[in-house]
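In the working numbering, the protein residues as written are 10 to 114.
Reviewing the structure listed below.
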């Protein structure tokens, strides 16, 4: 269950990172409320996951999910470049996340 909580926390990190773009500097009410709610949920769930997981592992996986998810969103929804180098870097992050998961009990 702890890993599921951490994955949801990472997905909420993607949500708030993407939401920042739509707040227009926190001048739009609804996107700002959505973003702040996702921030609180993400941090709260990370805190719950840290009850059972090592700090370094949990934080790296949380930020990794957020990074990869945000980059994928940018590529798919915002037409950001999907160069071979960018995709290779994303693959390395995913590899690191998998490695940390496999080496943590």
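Idealized CB from N, CA, C, for every residue including glycine.
Around residue 82, the same chain offers 23 and 27 as residues with beta carbons nearer than 7 Å, after the five sequence neighbours per side are excluded. The beta carbon of residue 71 is closer than 6 Å to those of 18, 19 and 55 in its chain, skipping five residues each way along the sequence. For residue 39, the uninterrupted alpha helix (DSSP H) run begins and ends at 38-58, by DSSP. The segment 96-110 and the segment 58-77 touch, with three or more beta-carbon pairs separated by less than 8 Å. Burial of residue 51 is indicated by the presence of at least 16 other C-beta atoms within 10 angstroms of its C-beta.
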